[in-house]
Structures are given as structure tokens and as C-alpha cells.
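Mind the numbering: the sequence shown is residues 7 to 575 in my numbering, read in order.
Heads up, the beta-carbon is just placed ideally off N, CA and C, and yes, glycines get one too.
Written out below as C-alpha cells is the structure these notes cover.
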Amino acid sequence: MRKGRGRLWAGVTVAAAVAFAAAYGIERSGGLETTGVTDGCRACHTSPADDPGGIHGADRMGCEVCHGGDATTDDADVAHASMEREPGALDTVESTCGTCHLREAERVRTSMMATGRGLAAVDRWAFGELDAPDATQTFAEVLAVEDPTPAEDHLRRLCAGCHLGTRRENRDDAVVDVGSGCAACHLGRRPAGRHPELDGAVTDERCLGCHSRSARLSLSYRGLAEVSGPHAAGCADPVPLFDGRTGCRASADVHMEAGMGCTDCHLHTELMGDGTSYAHEGDALEIRCETCHGPVAPSEETTWAEVDDPISVSVARLRGVTHAPDERVRLGRRGTPVWNLRPGDDGVWRLTRKADGVALDVPATPRDPDHERAGHERLSCAACHAAWAPRCPTCHTTFDPDGEQWDFGTGAVARGRWVEENAGMGFGRPALGVAADGRILPAMPGMIATLDVDEGRTLRLFSMLDPHTTRREARTCEGCHLDPVALGLGEGALDLEGEAPRFTPTDPDSEDPARAADGWVGIDDPEPGGSTRRGARSLDAQERARVLAVGRCLQTGSPENCARTDLSD
7 MRKGRGRLWA GVTVAAAVAF AAAYGIERSG GLETTGVTDG CRACHTSPAD DPGGIHGADR
67 MGCEVCHGGD ATTDDADVAH ASMEREPGAL DTVESTCGTC HLREAERVRT SMMATGRGLA
127 AVDRWAFGEL DAPDATQTFA EVLAVEDPTP AEDHLRRLCA GCHLGTRREN RDDAVVDVGS
187 GCAACHLGRR PAGRHPELDG AVTDERCLGC HSRSARLSLS YRGLAEVSGP HAAGCADPVP
247 LFDGRTGCRA SADVHMEAGM GCTDCHLHTE LMGDGTSYAH EGDALEIRCE TCHGPVAPSE
307 ETTWAEVDDP ISVSVARLRG VTHAPDERVR LGRRGTPVWN LRPGDDGVWR LTRKADGVAL
367 DVPATPRDPD HERAGHERLS CAACHAAWAP RCPTCHTTFD PDGEQWDFGT GAVARGRWVE
427 ENAGMGFGRP ALGVAADGRI LPAMPGMIAT LDVDEGRTLR LFSMLDPHTT RREARTCEGC
487 HLDPVALGLG EGALDLEGEA PRFTPTDPDS EDPARAADGW VGIDDPEPGG STRRGARSLD
547 AQERARVLAV GRCLQTGSPE NCARTDLSD
């Protein structure tokens with residue numbers, strides 16, 4: 007069994023701390039100081055190593071409010087009888103973290119990191135058990151099923167351990183010694199022999215455990231790509247990853263290079279949930295590139311006097327930040343304020359890094375031909391500025407009934423084993439696809455897969471994403487209009503000399519040699535390739551033809567002249 011943790015983000019609020027102080031007799035003198043609570047726990051737990059320190063220190067809060075038990079007795083068995091060894095676990099969160107942070111505790115079960123609804127739905131759809139990649143079933147429900155379907159069993163053994171609802175000893179992600187529920191994000195690493203630190207400042211290392219897998223956003227953001235097989239052999243700058251996998255150095259995200267962490271962008275509603283149970287992670291996102299860089303719609307900017315978000319206000323005050331009622335503030339898609347993004351008197355917006363308080367000038371999106379070119383209205387920022395994305399273009403999943411594997415539903419080893427094999431992890435330029443709302447986004451192979459279950463299934467699905475590899479430099483004109491990867495064809499050579507374009511794949515598909523093994527769609531396919539989201543797809547035949555019409559021009563003309571290519575149907 008592999009064990010680790012997951013994560014969650016609960017804002018520490020001054021209002022809750024004050025309420026706790028009043029209830030438990032904590033004295034205030036410009037801040038939370040010592041407590042008047044009689045705490046029998048500390049009669050035995052006298053070592054400084056037993057104290058988490060900080061705002062949750064034993065001298066301020068005691069032990070019982072987080073761990074439960076009976077702090078009034080000197081009998082260790084009685085004191086420990088009802089103790090919660092893992093405060094923050096979602097099944098008891100109301101009586102631990104929720105004692106002070108009730109708002110967060112009530113919402114966290116609806117967060118994507120708790121429900122895993124999108125992962126469960128897509129997996130069951132891929133197995134042919136659902137008609138669409140949307141469903142309401144949560145990971146907690148998957149783990150509770152008495153007679154799981156093949157997809158539910160697959161989730162229980164390979165996926166659902168990276169989920170806030172499982173306990174620390176029943177988790178499966180890449181970082182050890184972190185708790186579950188609230189503690190997955192707010193508890194530091196467990197140093198040998200001492201109580202880990204607990205605070206509201208969530209470092210990127212706490213995101214890394216889960217988000218170094220699947221889309222591998224935490225790795226990509228740092229400029230690391232997981233590689234294996236032939237891709238590992240071809241890596242010019244390999245580096246061992248923290249959990250034993252092999253990484254290859256690539257360009258880091260420009261925001262990483264500026265010293266920004268995950269929570270400098272991502273809002274508390276995205277991470278802890280906002281009380282709504284969303285179908286997919288993308289639905290829960292509020293932040294956009296335009297939120298900071300502009301342009302924004304009138305509804306995405308207001309004054310703090312109009313903001314109704316006590317958690318953001320409390321978190322900012324906890325860090326010593328206050329906002330005048332008439333100060334302008336930018337908002338996420340559903341109205342959550344970006345409290346660390348502030349306007350300057352010189353008209354420049356500045357983002358304050360939460361880790362160290364350093365303010366960074368935020369460059370505004372230029373108003374120039376490159377950003378206002380006719381025909382590019384649907385392009386997302388990431389379509390041009392995402393430098394690369396992970397690739398796992400082959401996946402073969404089989405079930406071995408004679409094997410054994412940990413089942414996160416039972417918390418024990420169960421008979422049977424799911425085996426996933428691939429020809430190697432790599433990375434490279436992302437494809438471009440069309441989201442359900444019509445925007446052009448980066449896409450990566452989500453499932454070019456064969457499932458040996460019942461009659462067997464073959465899938466060729468790509469996933470839309472922002473790979474978190476943003477660079478200031480963008481794709482060139484040729485990087486879209488003459489790149490078969492961007493078109494979704496896969497690696498290979500394009501020939502536009504004849505009347506109809508021709509494509510020769512670098513690695514032909516074993517069943518259709520005219521198609522690339524890593525491709526999303528064939529050059530002559532009349533229908534677009536599918537995606538792991540309803541309504542999302544590859545570029546269709548008409549869109550590919552328009553892109554290549556400009557490509558033909560670029561082979562002989564200048565980008566300025568080609569920008570005026572007639573693309574009318």
C-alpha cells in the first residue's frame with residue numbers, strides 16, 4: 007500500500023478566533039495570548055515537541071478543542087478514550103476545526119477535492135457505465151458501495167485514495183506524513199518526534215502530493231515533466247522526483263519564476279468549496295488570467311464596500327491587510343474578491359505574494375494587433391502562452407483477478423488487481439481544442455487507452471486544461487497554423503504542396519497507419535475527436551481547413567499579409 011495525503015484549504019478567521027477566545031477564556035492583548043483553560047493534557051505532554059506552536063499553540067488553545075478527549079482528568083485512559091487523533095478529518099470536522107471555523111467546515115464537503123465527482127463520472131463513462139461524463143456520485147459514495155461495478159472498483163483501488171474524506175492511514179498520494187481533510191492542506195510535514203505545525207498559510211509542497219499526478223500541474227508549474235520509457239532516455243536534463251519517479255527539466259511557469267505560489271492565484275472558494283457541489287473541477291474555478299491582467303467586464307471589478315465575503319476579509323486581516331471601503335477590487339467569476347490584488351495610484355495593479363508580502367507589478371494585457379487580431383476572438387490566453395503539457399499517449403488497463411491490491415473502500419487488501427501500462431510518459435507542445443463554450447484551449451491526451459474489461463473498449467479522448475506552463479513568449483503564427491500537434495493530428499510532417507493537405511505521422515497508429523498513435527483526430531476525419539467533457543472536441547474539419555489556409559500563406563508570405571487571408575466559407 008502507498009500512503010500519503012490529499013488536501014484542502016480552510017481560511018483562519020479572526021471572527022472565529024475571537025469567538026473561541028471568549029468561549030474558552032483566552033486573554034487578548036493586541037492578539038491571542040495565553041489561555042486560562044485548565045488543560046490536563048499538558049501535565050503529561052510537557053515537551054515543546056508536543057506543541058504545534060503558532061496561533062494553534064497549546065498555550066493559546068489547549069489540546070482538547072482540536073483533539074477532543076477529556077482534559078480534566080489525570081487518568082490517561084479516560085483522557086484518550088474519545089480523543090480524535092486526526093483533527094480535520096471530514097467525518098468529525100464539525101467537532102474539531104468546525105468548533106472555530108464553522109463556515110469552512112460546512113462547505114468543505116462540497117469541494118471538488120472532497121467529492122471527486124468529475125473523476126468518478128469520467129472514469130465510469132470511460133468504462134461504458136454512464137451515457138455522459140457527468141454524474142452526482144462522489145468518491146465517498148464510491149467507497150461505500152457494497153458491490154462495486156468495474157469502474158467503481160477501479161476508482162476504489164487506483165484513484166479514491168487521493169481524496170479529502172479518507173483518513174491518513176488510508177490514503178494514496180505522493181507525499182507521506184500529512185493528514186486528511188483540513189489537515190491535508192493546513193498541516194505541515196510531520197517531522198520525526200514532534201507535533202507538526204498547523205496554520206493558514208498553505209505552501210506549494212502541500213499541493214504537490216496530489217497534483218503531481220494526473221494532469222501533473224504541480225510538476226509542470228515548477229518546470230518538471232515526468233518521463234519514462236524512451237522519453238526518459240531522451241531527456242537531456244533528468245532529475246529524480248521526490249517520490250522516486252524520473253523528471254525532466256523544462257521551462258517553468260512565468261508565475262513560478264516570479265515567486266508566486268498556488269494560493270496567490272487560487273481563491274478559497276475554489277479550494278475549500280463554496281457550498282455548491284460542482285460536476286467538474288473546471289466548473290469550480292473562479293480565477294482567470296484576465297482577473298489580474300485584464301481586460302475585465304464591469305461585473306468583475308467593484309469596491310470593497312460592495313463585497314460580501316467575510317472569509318476573504320478575515321483572511322486578509324489575519325495577515326495584517328485591510329482595505330478601504332472605496333478601494334477597487336477584482337472579482338472571480340462568481341464574485342469572490344482577489345484580496346491580494348490591489349490597484350496602485352499609478353494605475354498599475356499589484357499582486358502581493360502571500361508567503362512574504364512582496365508586491366509584484368501585474369502587466370496589463372497589451373492592446374495590440376497580436377491580442378486583437380480578427381479571427382482570434384475565441385483563443386484563450388493559454389492557447390498561445392502555454393509552452394508545453396504532459397503526454398501519456400498510450401494506456402493499457404487490465405484486471406488481474408488473481409492479484410491483490412489495496413481497496414480504499416474497505417481500507418484493506420482485496421483480491422484482484424488493476425494493472426496500468428503505457429509506452430512512456432513524456433511532454434511537448436499541447437494540442438488545441440474547442441471547449442463547450444467555443445473557446446480554444448490547450449488539450450492533452452486524456453485517454454488514448456485500451457480497457458480489457460468484458461468485451462474491451464478503445465478510447466481516444468483528449469482533456470482540456472491550462473497546463474500551468476505559462477510563458478511571456480507565445481506560440482508563433484507557424485506554431486499554430488503549420489503545427490500538426492496544434493491541429494490535433496499528433497507528431498509528424500505536414501505537406502501542403504498539393505490540392506489537399508497530407509500528413510505523415512512520426513509514430514503511426516498500429517490499426518490505422520495514416521493516423522498518429524498520439525493523435526487526437528485524423529487529417530481526413532469528417533467528425534472531430536472526442537473529449538472527457540461534454541461538448542468539448544478537437545478542431546473540426548472546417549476549422550482545420552481555415553487554420554491551414556493561413557498556413558499555406560505563411561509558407562510564402564509574411565505574417566502581416568497572411569493575417570488578412572480570406573477565411574470565408
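Here Asn567 is exposed. Its C-beta has fewer than 16 other C-beta atoms within 10 Å. Approximately 6 angstroms separates the beta-carbon atoms of Arg177 and Ser186; this is inside 8 angstroms, confirming the contact.
For Asp76, the CB contacts under 6 angstroms within the same chain, skipping 5 residues up- and downstream, are Val84 and Ala85 in chain order. Contact check between the segment 466 to 476 and the segment 559 to 566: fewer than three CB pairs, one atom from each, fall below 8 angstroms, which does not count as touching. According to DSSP, residue pairing for Glu426 in a beta bridge involves Thr403. At a Cβ-Cβ threshold of 7 angstroms, Leu149 and Phe414 count as neighbours. Per the DSSP secondary-structure output, Trp412 pairs in a beta bridge with Val419. In chain order, Asp57 place their CB closer than 7 angstroms to the CB of Gly63, counting only its own chain and leaving out the 5 sequence neighbours on each side. About 15 angstroms separates the CB atoms of Met119 and Leu193; that is not less than 8 angstroms, and the two are not in contact.
In terms of CA proximity to Gly432, Gly253 leads the group Ala82, Asp289 and Gly253.
Closest option to Pro396, judged by alpha-carbon separation, among His107, Arg435 and Gly444: Arg435.
Looking from the CA of Glu70, the closest CA among Phe133, Ser53, Cys47 and Cys191 belongs to Cys47. Counting only unbroken stretches of 3 or more residues, the beta strand (DSSP E) elements lying wholly within the segment 461 to 519 are 463 to 470, 498 to 501 and 508 to 511, in sequence order. One alpha carbon belongs to Ala138, the other to Phe145, and they sit about 18 angstroms apart. DSSP places Arg552 in the uninterrupted alpha helix (DSSP H) bounded by Ala547 to Leu560. CA-to-CA, the gap between Cys398 and Pro331 works out to about 49 angstroms. Around the beta carbon of Gly541, a 10 Å sphere encloses fewer than 16 other beta carbons of the protein chains shown; the residue is thus reported as exposed. For the 7 angstroms CB-CB criterion, Ser117 and Met278 form a contact. If you check the CB distance, Ala522 and Trp394 do not come in under 7 angstroms. Check the Cα spacing between His237 and each of Glu549, Glu533 and Ala429: the tightest is with Ala429. Between Asp80 and the set Ala55, Met89, Ala49 and Cys103, the nearest pair of CA atoms involves Ala49. Closest option to Leu96, judged by alpha-carbon separation, among Asp289, Cys191, Pro156 and Asp351: Cys191.
By the criterion of a C-beta distance shorter than 8 angstroms, Met262 is surrounded in its chain by Tyr227, Arg228 and Gly229, once the five residues flanking it on both sides are discounted.
Counting along the chain, no beta strand (DSSP E) covers Thr282, and no H or E run does either. In this model, Met67 and Arg325 are separated by some 20 angstroms (Cα to Cα). Per DSSP, the continuous alpha helix (DSSP H) segment holding Val321 begins and ends at Pro316 to Leu324. Collapsing the DSSP output to three states places Phe145 in a helix.
Listed in chain order, the non-local C-beta contacts of Val208 below 7 angstroms within the same chain comprise Trp15, Cys191, His192 and Thr269, local neighbours out to five positions each way being set aside.
Residue pairing from DSSP places Thr358 in a beta bridge opposite Ala365.
Asp129 and His160 do touch by the CB rule: their CB atoms are close to 6 angstroms apart, below 8 angstroms. Residue pairing by DSSP places Ile454 opposite Arg466 in a beta bridge. Just so you know, the alpha carbons of Ser234 and Arg373 end up roughly 42 angstroms apart. By the Cβ criterion, the segment 413 to 427 is not in contact with the segment 363 to 379, since fewer than three pairs of Cβ atoms, one from each stretch, lie closer than 8 angstroms. Burial check for Arg340: the Cβ neighbour count within 10 Å stays below 16, so the residue is exposed. Looking at the backbone, the Cα of Thr464 and that of Glu211 are separated by about 36 angstroms. Under the three-state reduction of DSSP output, Arg177 falls in the coil class, being neither helix nor strand.
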